[in-house]
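Structure first, then comments.
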């Protein structure tokens, strides 16, 4: 089977979010960016399915040339090759523009399965996978905590608010995975070396047959009008526990003052 | 120009509409004529509840295939309804089912959408304005351009549900359901009720993070929560690490909570977490690191070892 797995190069989620006041876009410093940790679960799922059934894993991303890092990481984990959708004309794409570009790159691959994370760690809207499934006209099986394939049937345990559902569709299909699918493998030294030699195809919008007015800033329906700071620092009381139990009394006094006890 | 038509998408939870959809009827009423869309079987009481919360029209279909097959039947019918009725704005709750439908609509209709909004409004010129948190310290004001309809997904508790009374006209949807859209079949539904009080409803939440050191130490939080009649929550870090189930997670990608008191134990206060608990009335933070960002949100901050402070506190409360 052939699996396309979507990955994203995101600012390290452990660092504070910064917004450029002029462009009103997230500041994305490539030196402080990594593969989205959420996407490693998608790569892991794809690798396990191909290990079981045979086939090929293709990592796909859209971004500036530096986004190649995320693809190399996916290939170091074991993906066979990668596609980088990259064009200055794609800057400022909203979810629809991004989905159009990724759909145009994935469609000619004719994958049996497209795997995405449930949502990215930087923008966290979670709209991209469903929009992509809509554009590719694939059934969408989302919030997977387990994924299995038997013959041409994909079965997913879909996390819900109160438990889970077992859902099924016939391939080809798109699946989004949660962190419950299983711990992503750490790339081996051999994997890291091999990834340097694996091929990355770079595609611009002309090669993908996309018209400028449908993607990037011109194609975006969503516009950020204003960014405002809401940093609220409470002037709360800070006490240092000295081991005498005094801080416990402070907490008790506070609980009484707000009538919780 | 007539009155704005604002649709609220809803699903049922048991025999009532999802509570988050009831919340969305509040802004829908404020912005124009509130209408609800409920595709799938629903009892009379569910429709009644939507009317009570201000829906004047309920677009309803009772074909069981809307819940036996996920997403595509909903999206096909909703697309046809939108085409025929031309609503101005569609509001979606922050539920997994709503996200699936909303996201696919974006691809099928080629329309714009905003997710994670905490407020929605129109400016005097009729431009849509949505407020979206971006990181813990900034809010973005976002609009959608191009022809309506506009799709906006709203975070839990951004609005309060209000039972205002009223009658609704129930319009049965006559769009035929195409078998070709019945591709994702529900084989089995498993309910796994979480133990203890529901996080969203709890008055007191005791939440833990990496600072607890080991998963077994969550027991200390359960004991404190029991003593206070509260619920236990967790940061994404410890949920991802498998210490506690996802149902415990508070944050951007977990639950949004607004308890009277939030006790953060060994939680540093990452953006992801703060987004889900910022609305707490009072915050107590216990953390060994005096520079932890959580202290900026705390009414009372204790710099110290959570593993020694929490059991002492539990003991003192239980002894009362």
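Chains as they are written, first to last, in my numbering: chain A, 1 to 261; chain B, 1001 to 1320. Cβ coordinates follow ideal geometry from the N, Cα and C atoms, glycine included.
| query | result |
| --- | --- |
| Three-state class that DSSP yields for residue 1150 of chain B in the structure shown | strand |
| Beta bridge counterpart(s) of residue 85 of chain A as assigned by DSSP | A/62 and A/203 |
| Interface residues of chain B facing residue 234 of chain A [CB-CB closer than 8 Å] | 1283, 1296, 1297, 1298 and 1299 |
| With 16 other Cβ atoms within 10 Å as the buried cut-off, status of residue 225 of chain A | exposed |
| Secondary structure, beta strand (DSSP E): runs of 3+ residues fully inside the segment 1097-1172 of chain B | 1113-1117, 1119-1122, 1128-1133, 1138-1144, 1150-1154 and 1169-1172 |
| Against chain A: residues of the segment 1125-1153 of chain B by CB proximity under 7 Å | 1134, 1135, 1137, 1138, 1139, 1140, 1141, 1142, 1143, 1144, 1145 and 1146 |
| Unbroken beta strand (DSSP E) run spanning residue 157 of chain A, endpoints | 153-160 |
| Beta-carbon proximity of residue 168 of chain A to residue 153 of chain A, cut-off 8 Å | yes |
| Of the listed residues B/1063, B/1055 and B/1274, nearest to residue 1264 of chain B (C-alpha basis) | B/1274 |
| C-alpha gap between residue 229 of chain A and residue 1138 of chain B, whole angstroms | 4 Å |
| Within-8 Å CB hit, residue 239 of chain A to chain B | yes |
| Simplified DSSP state of residue 1294 of chain B, which is helix, strand or coil | helix |
| Spatial distance of residue 115 of chain A from residue 1011 of chain B (CA atoms) | 26 Å |
| Local conformation of residue 1301 of chain B per DSSP, three classes | strand |
| Any chain A beta carbon closer than 8 Å to residue 1110 of chain B | yes |
| Proximal residues of chain A, C-beta to C-beta of residue 1090 of chain B below 9 Å | The contacting residues do not exist; residue 1090 of chain B stays about 14 Å from chain A at best. |
| Alpha helix (DSSP H) runs contained entirely in the segment 1224-1305 of chain B, provided each spans 4 or more residues | 1236-1240 and 1271-1277 |
| Close beta carbons around residue 1101 of chain B, own chain, < 8 Å, minus the five adjacent residues each side | 1009, 1071, 1074, 1075, 1078 and 1092 |
| Of the listed residues B/1160, B/1272, B/1185 and B/1162, nearest to residue 170 of chain A (C-alpha basis) | B/1185 |
| Which of helix, strand or coil DSSP assigns to residue 211 of chain A | coil |
| Residue 1207 of chain B to residue 1245 of chain B span [Cα, whole Å] | 13 Å |
| Own chain partners of residue 1145 of chain B with C-beta closer than 8 Å, once the 5 adjacent residues on each side are dropped | 1112 |
| Residue 1314 of chain B versus residue 1173 of chain B: straight-line alpha-carbon distance, rounded | 56 Å |
| CB contact flag (residue 1133 of chain B, residue 1089 of chain B, <8 Å) | no |
| Nearest-angstrom Cβ-Cβ length linking residue 1098 of chain B and residue 127 of chain A, presumed shorter than 8 Å | The pair is not a contact, with the Cβ atoms about 11 Å apart (cut-off 8 Å). |
| Cβ-based neighbour list, residue 1061 of chain B, same chain, cut-off 6 Å, excluding 5 preceding and 5 following | 1039 and 1173 |
| Proximity of residue 336 of chain A and residue 3 of chain A at Cβ, strictly below 8 Å | For chain A, the structure presents residues 1 to 261; residue 336 of chain A sits outside this window and is missing. |
| Close-in-space but distant-in-sequence residues of the same chain around residue 1001 of chain B (CB under 6 Å, 5 per side omitted) | Note on residue 1001 of chain B: pLDDT 48, under 50, position unreliable in the model; the coordinate value appears next. Around residue 1001 of chain B: no qualifying Cβ. |
| Start-to-end residues for the alpha helix (DSSP H) that takes in residue 1059 of chain B | Premise fails: residue 1059 of chain B lies in the beta strand (DSSP E), 1057-1061, not in any alpha helix (DSSP H). |
| Contact set between residue 1305 of chain B and chain A, taken where Cβ atoms lie within less than 8 Å | 241 |
| Cutoff 8 Å: residue 164 of chain A Cβ touching any chain B Cβ | yes |
| Interface flag, residue 110 of chain A vs chain B, CB-CB below 8 Å | no |
| Interface positions of the segment 1167-1180 of chain B facing chain A (Cβ-Cβ less than 7 Å), listed along the chain | none |
| Partner residues on chain B for residue 95 of chain A, Cβ-Cβ distance less than 7 Å | 1106 and 1113 |
| Per-residue DSSP class, three states only, for residue 54 of chain A | coil |
| 8 Å Cβ shell around residue 1069 of chain B - same chain, five flanking residues per side excluded | 1181, 1182, 1183, 1184, 1185 and 1186 |
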